[in-house]
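Asker: Handing you this structure, nothing more for now.
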Amino acid sequence: MTCPGIGPDIKDSRMEKLADAASVTTTLGTDTQPMPRQVSILMAVYQGQTYLPVQLRSLIEQHWQDWHLIVGDDGSTDRSRKILDDFAAELAPGRVRTVPGPRAGAAANFRALLDQVPPDATHIAFCDQDDAWDAEKLSRGIQALPEHVPAIWCSRVVVCDMRMQPLSLSPLPRHKPCFRHALMQNLVQGNTLLMNRAAYDIVRAANAEAGPVVMHDWWIYQLVTGAGGQVIYDPLPSVLYRQHGANVVGANNRLISRLGGLKRMFAGTYREWSRTNLQALVASKHRLTPENRALLEQFAALHGSFPQRVGALRRGGFRRQGRVSQAALWLAVLLRRS
Numbered sequence: 000m001t002c003p004g005i006g007p008d009i010k011d012s013r014m015e016k017l018a019d020a021a022s023v024t025t026t027l028g029t030d031t032q033p034m035p036r037q038v039s040i041l042m043a044v045y046q047g048q049t050y051l052p053v054q055l056r057s058l059i060e061q062h063w064q065d066w067h068l069i070v071g072d073d074g075s076t077d078r079s080r081k082i083l084d085d086f087a088a089e090l091a092p093g094r095v096r097t098v099p100g101p102r103a104g105a106a107a108n109f110r111a112l113l114d115q116v117p118p119d120a121t122h123i124a125f126c127d128q129d130d131a132w133d134a135e136k137l138s139r140g141i142q143a144l145p146e147h148v149p150a151i152w153c154s155r156v157v158v159c160d161m162r163m164q165p166l167s168l169s170p171l172p173r174h175k176p177c178f179r180h181a182l183m184q185n186l187v188q189g190n191t192l193l194m195n196r197a198a199y200d201i202v203r204a205a206n207a208e209a210g211p212v213v214m215h216d217w218w219i220y221q222l223v224t225g226a227g228g229q230v231i232y233d234p235l236p237s238v239l240y241r242q243h244g245a246n247v248v249g250a251n252n253r254l255i256s257r258l259g260g261l262k263r264m265f266a267g268t269y270r271e272w273s274r275t276n277l278q279a280l281v282a283s284k285h286r287l288t289p290e291n292r293a294l295l296e297q298f299a300a301l302h303g304s305f306p307q308r309v310g311a312l313r314r315g316g317f318r319r320q321g322r323v324s325q326a327a328l329w330l331a332v333l334l335r336r337s
């Protein structure tokens with residue numbers, strides 16, 4: 000599968016870089032062997048019979064084939080389990096494993112799957128049941144991620160309709176992903192997320208400490224950057240994202256996102272999200288860098304008195320993507336809706 004909107008010159012350039020990286024490994028001498036890289040793909044499933052065949056086929060078509068799939072089935076009553084069992088039967092034994100989900104929503108399902116990752120996995124990817132991956136998704140992410148520094152890789156997506164016809168590209172972030180910005184807004188779309196083992200070790204440990212989270216991808220973004228880790232944002236899309244009414248959280252379409260954001264702000268939803276995120280991070284604050292622990296205190300002050308809120312917003316340098324969103328943030332702080 001080739002993502003629409005990626006010109007051949009860009010694709011060729013990308014592949015040349017991958018080839019160059021591979022050639023460096025092979026010319027280091029016979030005593031130097033590339034580290035084995037095994038990817039654990041975590042997939043949350045619920046009533047996915049309509050979409051699973053397309054997504055599973057895109058996994059088979061990955062250029063990087065050193066992966067295994069761990070599925071959390073949240074109590075599906077349709078043909079999802081049979082589709083998964085048939086898929087597993089076509090592959091080597093043990094390459095696909097299905098476990099019962101917690102039946103508490105997608106975020107809880109993905110968090111439960113974090114505890115299923117085997118010790119030999121070097122990379123961990125999250126996979127939605129109703130998308131389709133570009134064939135280079137895993138290879139691009141693995142090549143981009145450092146080996147020992149905690150880091151996550153993510154990308155844009157091609158937003159598609161129910162029939163997987165492309166509609167648009169998700170917008171590029173205007174500000175660099177970092178902990179300061181992660182506190183305000185999620186820039187890491189979970190269906191593109193790939194993290195290295197160093198990042199996973201932080202997330203796995205914090206998973207036992209944190210209570211509820213708003214979204215697993217947002218929490219991981221906050222946690223890894225808070226601990227001093229990196230975010231590598233690829234401007235090329237890696238996923239065909241199926242947009243439909245059943246999506247828990249849609250793609251970041253600018254107009255829809257702005258209108259929906261204002262509605263959530265005035266309804267107090269953002270304030271509840273902010274409090275939930277804060278509680279989860281406070282539970283693991285000993286894992287944050289000293290600088291980011293101080294920043295978390297400024298973030299907590301956004302829930303204080305009016306002078307505390309305004310002062311924290313100024314001192315913390317908190318920003319959202321775009322002028323309209325930034326103005327909405329100030330309005331939310333003034334109205335105590337942040």
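Reading the sequence shown from the start, the letters are residues 0 to 337 in numbering that gives the first Met the number 0.
Virtual Cβ for every residue (Gly too), placed ideally from N, Cα, C.
1. Looking at SER79: is its Cβ nearer than 8 Å to the Cβ of GLN48?
2. Who are the Cβ neighbours of GLU15 in its own chain at under 6 Å, not counting the five residues just before and after it?
3. Report back the beta-carbon spacing between ASP216 and VAL238 to the nearest angstrom; my notes put them in contact at under 8 Å.
4. If we ignore side chains and look at the alpha-carbon of each, how far apart do ALA279 and ALA293 end up?
5. For the alpha helix (DSSP H) containing ARG274, list its first residue and its last residue.
6. Would you identify the three-state DSSP class for THR76, choosing helix, strand or coil?
7. In this structure, does DSSP put HIS180 in helix, strand or coil?
8. Mind checking who ARG313 pairs with in its DSSP beta bridge?
9. May I ask you to verify whether the segment 70 to 88 touches the segment 98 to 114, counting CB pairs closer than 8 Å and requiring at least 3?
10. Just checking my contact of ARG110 with ALA205 at CB under 8 Å: how many whole Å lie between their CB atoms?
11. ASP119: buried (16+ other C-beta within 10 angstroms of its C-beta) or exposed?
12. Should the segment 119 to 131 be regarded as contacting the segment 224 to 232, the criterion being three or more beta carbon pairs within less than 8 Å?
13. Need the endpoints of the alpha helix (DSSP H) that LEU55 sits in, please.
14. Using DSSP bridges, identify the partner residues of TRP63.
15. Return yes when the C-beta of GLN188 is under 7 Å from any heavy atom of the ligand MG, and no when it is not.
16. Can you have a look at LEU90 and say buried or exposed, based on whether 16 or more other CB atoms are within 10 angstroms of its CB?
17. What three-state label does DSSP hand ALA331 in the structure shown?
18. Secondary structure at TYR45, three-state DSSP: helix, strand or coil?
19. At what residues does the alpha helix (DSSP H) containing THR224 begin and finish?
20. How should PHE178 be labelled, buried or exposed, when 16 other C-beta atoms within 10 angstroms of its C-beta is the threshold for buried?
21. Are there three or more Cβ pairs, one per stretch, closer than 8 Å when the segment 206 to 213 is compared with the segment 153 to 172?
22. Answer with buried or exposed for ALA150, where buried requires no fewer than 16 other C-beta atoms within 10 angstroms of its C-beta.
23. For ARG274, count neighbouring C-beta atoms within 10 Å of its own C-beta (all shown protein chains included) and say buried if the count is 16 or more, exposed if not.
24. Quick test of your reading: VAL212 and ALA106, contact by CB under 8 Å. State the CB separation rounded to the nearest angstrom.
25. Does the beta-carbon distance from ARG308 to ALA299 come in below 8 Å?
26. Report the option in PRO234, TRP272 and PHE305 whose CA atom is closest to the CA atom of SER169.
Answerer: Straight from the coordinates:
1. The residue given as residue 79 occupies position 80 in the sequence shown. The residue given as residue 48 occupies position 49 in the sequence shown. Yes, the pair counts as a contact, with Cβ atoms nearer than the cut-off.
2. Mapped onto the sequence shown, residue 15 falls at position 16. Low confidence applies to GLU15: its pLDDT is 40, below 50, so where it sits in the model is not reliable, and the reading given next is rough at best. Hits under 6 Å: none found.
3. Locating residue 216 in the sequence shown gives position 217, where the first residue counts as 1. Locating residue 238 in the sequence shown gives position 239, where the first residue counts as 1. So it is not a contact: roughly 13 Å between Cβ atoms.
4. For the purposes of this step, residue 279 is taken as residue 280 along the sequence shown, with counting starting at 1. For the purposes of this step, residue 293 is taken as residue 294 along the sequence shown, with counting starting at 1. When rounded, the distance between both Cα atoms is 16 Å.
5. Residue 274 sits at position 275 when you count from the first residue of the sequence shown. Segment 268 to 281, the alpha helix (DSSP H) holding ARG274.
6. Locating residue 76 in the sequence shown gives position 77, where the first residue counts as 1. Coil, per DSSP.
7. Numbered from 1 along the sequence shown, position 181 holds the residue referred to as residue 180. Looking at HIS180 - three-state DSSP - the assignment turns out to be helix.
8. Along the sequence shown, one-based indexing puts residue 313 at 314. Partner(s): none; ARG313 has no beta bridge.
9. Yes: at least three Cβ pairs fall under 8 Å.
10. As a first step, residue 110 is located in the sequence shown; it is residue number 111 there, counting from the start. As a first step, residue 205 is located in the sequence shown; it is residue number 206 there, counting from the start. Going by Cβ atoms, the distance from ARG110 to ALA205 rounds to 10 Å, so no, they are not a contact pair.
11. Taking the first residue of the sequence shown as position 1, residue 119 is located at position 120. Classification for ASP119: exposed.
12. no
13. Here the question's residue 55 lines up with position 56 in the sequence shown. Unbroken alpha helix (DSSP H) run through LEU55: 51 to 59.
14. Against the sequence shown, residue 63 aligns to sequence position 64. Per DSSP, none; premise fails for TRP63.
15. This structure simply doesn't include the ligand MG, nor any ligand for that matter.
16. Against the sequence shown, residue 90 aligns to sequence position 91. So LEU90 counts as exposed.
17. As a first step, residue 331 is located in the sequence shown; it is residue number 332 there, counting from the start. Under the three-state reduction of DSSP output, ALA331 falls in the helix class.
18. Residue mapping note: residue 45 aligns to position 46 of the sequence shown, counting from 1. If DSSP states are grouped into helix, strand and coil, TYR45 belongs with coil.
19. Looking up residue 224 in the sequence shown gives position 225. 215 to 225 is the extent of the alpha helix (DSSP H) around THR224.
20. One-based indexing of the sequence shown puts residue 178 at position 179. Buried, because 16 or more other Cβ atoms sit within 10 Å of the Cβ of PHE178.
21. no
22. Mapped onto the sequence shown, residue 150 falls at position 151. Looking at its Cβ environment, which holds 16 or more other Cβ atoms inside 10 Å, ALA150 is buried.
23. Here residue 274 is taken as the residue at index 275 of the sequence shown, counted from 1. It is exposed - the Cβ of ARG274 has fewer than 16 other Cβ atoms within 10 Å.
24. Along the sequence shown, one-based indexing puts residue 212 at 213. Along the sequence shown, one-based indexing puts residue 106 at 107. 6 Å between Cβ atoms; contact.
25. Your numbering for residue 308 matches position 309 in the sequence shown. Your numbering for residue 299 matches position 300 in the sequence shown. For ARG308 and ALA299, no; Cβs fall outside 8 Å.
26. Indexing the sequence shown from 1 puts residue 169 at position 170. The shortest C-alpha separation from SER169 is found at PRO234.
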